[in-house]
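In what follows, a structure is listed as structure tokens, so that the remarks can point back to it.
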Amino acid sequence: MTRDPFALRDLAHKAGRDLENASAERIVEWAADTFGERFCVTSSFADAVLAHLVSSVVPGVDVVFLDTGLHFEETLDVREEVRRRLPVTVKSVRPPMTVGRQDGEFGPRLWDRAPDECCHLRKVEPLAEALADYDAWATGLRRDESPSRADTRIVDFDAGRQKVKISPIARWTQSDVDTYIEANDIPVNDLFNRGYGSIGCWPCTRRVKPGEDPRAGRWAMFDKQECGIHL
Ligand code: SF4
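Residue 10 is where the sequence shown starts when you use our numbering, and the numbers rise one by one after that.
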């Protein structure tokens, strides 16, 4: 049964304070104890750190992947590896419109003209639909990824979707991530070995130059840093 949004909000704000300095594993334990099966993970399959971390505490957890129809093959390879190797249930969520139908209704390559609209159709709306079955979702957001993520809360209330949003690795640095990947043999997107710093849909992702913010290669032709699901 879905919980009252006001109760979820109060729960999120209290937990955000209580868990600010807790380990990622402790944060996931709290989420599992509090929300049970109404807790899921989201992943873009740039790597499988969050899916691994959460499934080590909650075997069988649902991992929601927004399958926009515009992902790199390498990203879909990570999804398959996660399916094979980790105790998770991968739920690939597709937008109601295929890319071809979107081209027909909005004109070709909407992402080149109106990326906010394209992200809304292919990511924001499908995520809202997918989260209807849950009270809380975990993300892999980290404060050190970019200025736009510096204020990420460990536990927050996602007022737009009326859900609790949990970022267990928000305090981790890139070095923490690298250490976890090596220690646990985590599947990682091969594009990181080819100059990409952050990975999304292929039309909106380019390699980064030395010294650039890792997310500088996302929507590089636009004044846009986020797809909209974290706003
Ligand atoms: Fe469209 Fe680009 Fe957003 Fe993907 S990242 S949904 S291609 S605008």
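Even glycine gets a Cβ: it sits at the ideal position worked out from N, Cα and C. Keep in mind the model is a prediction, meaning the values are calculated, not measured.
>> Going by the DSSP bridge assignment, what does His80 pair with across the sheet?
In response: Against the sequence shown, residue 80 aligns to sequence position 71. Answer is Cys210.
>> Could you check whether Arg12 and Asp165 sit closer than 8 Å to each other, using their CB atoms as the reference points?
In response: On the sequence shown, position 156 is the one that residue 165 refers to. On the sequence shown, position 3 is the one that residue 12 refers to. In terms of Cβ geometry, Asp165 and Arg12 do not form a close pair [threshold 8 Å].
>> Please enumerate, following chain order, all residues with a beta carbon closer than 6 Å to at least one heavy atom belonging to the ligand SF4.
In response: Thr77, Leu79, Trp120, Pro124, Cys127, Cys128, Arg131, Lys132, Gly209, Cys210, Pro212, Cys213, Cys236
> If you follow the beta strand (DSSP E) that Lys172 is part of, which residue opens it and which one closes it?
Replying inline: Taking the sequence shown and counting its residues from 1, the one referred to as residue 172 is at position 163. Segment 172-175, the beta strand (DSSP E) holding Lys172.
> If Gly206 and Pro223 are in contact, beta carbons under 8 Å, what's the gap, nearest whole angstrom?
Replying inline: To locate residue 206, count along the sequence shown from 1; it is residue 197. To locate residue 223, count along the sequence shown from 1; it is residue 214. Yes, Gly206 and Pro223 are in contact; Cβ-Cβ is about 3 Å, under 8 Å.
> Can you tell me the Cα-Cα spacing of Lys132 and Ala31, whole angstroms?
Replying inline: Looking up residue 132 in the sequence shown gives position 123. Looking up residue 31 in the sequence shown gives position 22. If you take the alpha carbons of Lys132 and Ala31, they lie about 30 Å apart.
> For chain B, is any of its Cβ atoms less than 8 Å away from the one on Thr98?
Replying inline: Among the chains of the structure shown, chain B does not appear; only one protein chain is present.
> Taking DSSP as the reference, what is the three-state secondary structure of Arg145?
Replying inline: In the sequence shown, residue 145 corresponds to position 136, counting from 1. Sequence inspection shows Ala at residue 145; the Arg mentioned does not correspond to that position. The answer is strand: DSSP assigns Ala145 an E or B state.
>> Looking at the strands, I want to know which residues DSSP matches up with Cys236.
In response: Within the sequence shown, residue 236 is the residue found at index 227, counting from 1. Note: Cys236 sits in no beta bridge, so no partner.
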